[in-house]
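Asker: Numbering (the UniProt record's numbering), first residue to last: 1 to 434.
Beta carbons are placed, not taken as given, at the ideal position from N, Cα and C, and that holds for glycine.
Once you've had a glance at the structure underneath, I'll fire off some questions.
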Amino acid sequence: MGVIAENALPHHLTMKDSLKDIAANHAQRLSAACRNRSTDNEINGKEEPLDGFHCNGNESSEQLRGDIVWEDIRKDAEEMCNERNEDSLDVEASELLHGIVKRSILDRGSLEEALSAHLASKLSWDAAPFERWHAILLKSFTSGMSHCGKAIRYLMRDDLIAIKERDPACPSSGHAFLYFKGFHAIQAYRAANWLWSKGQRSLASALQSRISEVFGMDIHPAAQLGSGIMIDHGTGVVIGETARVGNGCTLLHGVTLGGNGKQQGDRHPKLGCNVLVGAGASILGNVKIGDGSKIGASAVVLNDIPDFATAVGCPAKIIGRAKEDNPAVVLDHSCKYVQLFTQRIRSLCPYRHLSPSKPGYLGPHDFIFRLEQVLEKDVPRETAMALFFELCRIMTMMVSLKKQSLRNMWLFSKICLPRNDNLSAASRSIQRSA
């Protein structure tokens with residue numbers, strides 16, 4: 001975990017003068033990653049806070065894009081019906097597939113009608129037949145609104161586009177519509193969320209329970225999910241009542257956004273925009289996961305994670321900064337696109353230490369508190385973390401130069417100096433230091 005010495009600022013770099021310049025590039029990345037973001041405040045005509053989680057795009061352009069999405073799905077369905085095999089099961093297989101595609105897509109007049117029928121066929125049971133669920137789902141998809149005031153019919157199209165763009169196992173939008181249960185569960189959740197907001201909480205809970213039984217995902221109806229969400233595979237995903245998931249996030253199977261106790265109230269994680277959460281990761285408690293951050297597979301996150309940071313392990317530690325602007329789209333689950341902190345701490349490095357609690361050293365979260373003390377005013381989290389990462393970069397470069405200088409001294413001693421026991425001992429000492 002990266003840490004910074006309190007007195008380690010270069011002499012030419014003053015705290016107040018450097019904040020604006022150092023954070024400029026970071027702010028540009030943040031703006032690009034979270035463009036079109038809005039919250040309930042925007043709907044009410046108020047200025048949007050910087051740490052908002054959800055956005056609302058241009059509905060006129062999205063409506064046009066939504067028509068294109070439905071046209072693409074129908075085109076994909078027709079191509080599926082034209083698939084041919086050379087074995088003896090060709091006729092039977094073609095008839096079976098044609099029946100599925102025709103009933104689910106080709107016989108339907110709109111994406112809303114097709115999706116409501118497709119989900120109703122999966123979610124219905126004896127006490128709640130197909131016709132009842134179809135009517136409720138169709139109404140929610142055609143006239144329902146999300147928690148942030150955006151129509152559900154636009155959100156479902158954003159989700160389909162996200163899957164098609166990000167999932168390498170998705171050959172077409174039609175396949176995602178028919179077969180991807182992560183997409184199915186999210187859209188059924190959106191209907192449950194709309195029912196919950198309308199006061200139909202018992203029915204919303206019944207729908208949540210059925211979603212869990214059929215798709216293996218448990219998303220509370222009161223949770224808040226943004227647009228362009230992809231939950232890959234979906235099995236074992238749990239999202240709690242007060243959790244928020246920002247726009248453009250990607251979650252893999254086995255992810256838990258849960259509480260860390262039995263207290264009531266606001267107790268679940270808040271994910272920013274374009275966050276990538278690896279398989280089996282657990283984020284527990286009312287913690288904030290910054291925009292563009294990456295959570296490694298099987299990580300257990302118990303503290304806030306700053307913007308564009310990468311956290312791995314149990315408990316999770318910040319190991320570096322994500323290089324890509326949108327980790328949720330790049331889907332790098334390794335450290336290939338991570339600017340890593342130095343892992344091995346040497347005595348030559350006066351700026352960082354493995355233990356942030358050691359006097360004179362600050363970790364990423366302690367750095368914000370110390371920075372506000374120095375400036376005597378509140379500092380936005382993304383600005384503070386931009387300064388922290390930049391200082392880490394400068395200090396790593398300084399240490400690297402010093403190590404190279406010592407190595408050059410060692411090579412000089414090996415090549416140019418006469419051999420004797422004292423010089424050999426000094427040479428070995430320099431080599432160990434380098």
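(1) How would you write the range of the beta strand (DSSP E) that G258 sits in, first residue to last?
(2) Evaluate N274 with the Cβ neighbour count: other Cβ atoms within 10 Å of its Cβ, from every protein chain shown; 16 or more gives buried, anything less gives exposed.
(3) At the level of alpha carbons, what is the spacing between P168 and S124?
(4) Given this structure, state the Cα-to-Cα distance separating G292 from E92, to the nearest angstrom.
(5) Do you know offhand how far F183's Cα is from A386's?
(6) Please look up how many angstroms separate the CB atoms of A279 and I295, rounded, as I've assumed it's under 8 Å.
(7) Put I163 into one of helix, strand or coil per three-state DSSP.
(8) Assign G99 to one of two classes, buried (16 or more other C-beta atoms within 10 Å of its C-beta) or exposed (fewer than that).
(9) Helix or strand or just coil, what does DSSP make of D107?
(10) Mind checking whether V245 and S173 have CB atoms under 8 Å apart?
(11) Once the 5 residues before and after I219 are set aside, which same chain residues still bring their CB inside 6 Å of it?
(12) Taking 6 Å as the limit between beta carbons, can you name the residues of its chain near S266, skipping five residues before and five after?
(13) Determine, using beta-carbon pairs with one atom in the region 155-169 and one in the region 221-239, whether at least three such pairs fall under 8 Å.
(14) Please classify A384: is it buried, with 16 or more other beta-carbons within 10 angstroms of its beta-carbon, or exposed?
(15) Take the Cβ of Q187 as the centre, count every other Cβ of all protein chains shown within 10 Å, and call the residue buried at 16 or more, exposed below.
(16) Measure the alpha-carbon distance for I152 versus K317 and round it to whole angstroms.
(17) Using only CA atoms, which one of L284, S116, S143 lies nearest to F177?
(18) For the candidate residues L371, H118, G290, whose alpha-carbon lies nearest to that of P269?
(19) So is D314 buried or exposed if we call it buried at 16+ other beta carbons inside 10 Å?
(20) What separation, rounded to the nearest whole angstrom, lies between the Cα atoms of Q224 and D158?
(21) Rounded to a whole number of angstroms, what is the C-alpha to C-alpha distance between A128 and S121?
(22) Within this structure, are the beta carbons of E83 and L97 separated by less than 8 Å?
(23) Under a Cβ-count criterion, where at least 16 other Cβ atoms within 10 Å of its own Cβ denotes burial, should E131 be classed as buried or exposed?
(24) On the DSSP bridge assignment, give the partners of L276 in chain order.
(25) Nearest-angstrom Cα distance between G261 and H118?
(26) Beta carbon of L137, beta carbon of A77: below 8 Å?
(27) I need the straight-line Cα distance from L354 to A311, nearest angstrom please.
(28) Which residue or residues does DSSP assign as beta-bridge partners of V245?
(29) Quick check on the burial criterion: 16 or more other C-beta atoms within 10 angstroms. Buried or exposed for L375?
(30) When DSSP labels each residue in this structure, what does I4 get in the three-state scheme?
(31) Determine the DSSP secondary structure at V329, reduced to helix, strand or coil.
(32) From this set, K198, F180, G320, I105, which residue's C-alpha is nearest M217's C-alpha?
(33) L331 and L276 - do their beta-carbons sit closer together than 8 Å?
(34) Among residues of its own chain, excluding the 5 on either side of K198, which ones have a beta-carbon nearer than 6 Å to its beta-carbon?
(35) Identify the continuous alpha helix (DSSP H) that holds A299 and give its terminal residues.
Answerer: Once the coordinates are examined:
(1) 256-258
(2) buried
(3) 31 Å
(4) 48 Å
(5) 35 Å
(6) Wrong, their Cβ atoms sit about 10 Å apart, outside the cutoff.
(7) helix
(8) exposed
(9) coil
(10) no
(11) Y189, I239
(12) For the sequence presented, residue 266 should be read as Asp rather than Ser. Counting only Cβ-Cβ distances below 6 Å, and skipping sequence neighbours, we find T242, N286.
(13) yes
(14) buried
(15) buried
(16) 36 Å
(17) S116
(18) G290
(19) With the sequence shown as reference, residue 314 is identified as Cys, and Asp is not the correct amino acid for it. Looking at its Cβ environment, which holds fewer than 16 other Cβ atoms inside 10 Å, C314 is exposed.
(20) 16 Å
(21) 11 Å
(22) yes
(23) exposed
(24) T250, K294
(25) 37 Å
(26) no
(27) Confidence is the limiting factor: at L354 the pLDDT is only 34, short of 50, which leaves the residue's position unreliable and the question unanswerable from this model.
(28) L225, L271
(29) exposed
(30) The pLDDT assigned to I4 is 43, lower than 50, so where the model puts this residue is not dependable, and the model offers no usable value.
(31) helix
(32) F180
(33) yes
(34) none
(35) A299 -> no alpha helix (DSSP H), and no H or E assigned at all.
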